[in-house]
Amino acid sequence: MRETVRWVPDPGALRGGRVTVGIGEDSDGRLCDLTSRALADRLGVTPERFPGGHVGFMEHPAAFDARLREVLARL
-15 MRETVRWVPD PGALRGGRVT VGIGEDSDGR LCDLTSRALA DRLGVTPERF PGGHVGFMEH
45 PAAFDARLRE VLARL
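Residue numbers (our numbering): -15 to 59.
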């Protein structure tokens, strides 16, 4: 886990492509929510909300799939 804690994204490199930041609707106030919002802010993008929490793709697979398709269609 230390590798993921110490990793710092390169906003300049990420801005070179089409990027979206996804946040689980049930993750409000948790570390994954806060760090994702900070990344979205640094990239100048609005985070996209997805069903469930940090593992919404497992908790609500059909709803997550529908939302993911919607978001990707706009990229």
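We put the beta carbon where it would ideally sit given N, CA and C, even for glycine. Since this is a predicted model, take the numbers as computed values, not measurements.
- Assignment of glycine 37 by DSSP, reduced to helix, strand and coil, places it in the coil class.
- Just so you know, the alpha carbons of threonine 30 and threonine -12 end up roughly 23 Å apart.
- For glycine -4, the secondary structure class from DSSP, reduced to helix, strand or coil, is helix.
- 8 Å or more divides the Cβ of threonine 4 from the Cβ of glutamate 43.
- Between the alpha carbons of leucine 15 and histidine 38 lies a distance of about 10 Å.
- Residue burial annotation: arginine 2 is exposed, with fewer than 16 other C-beta atoms found within 10 angstroms of its C-beta.
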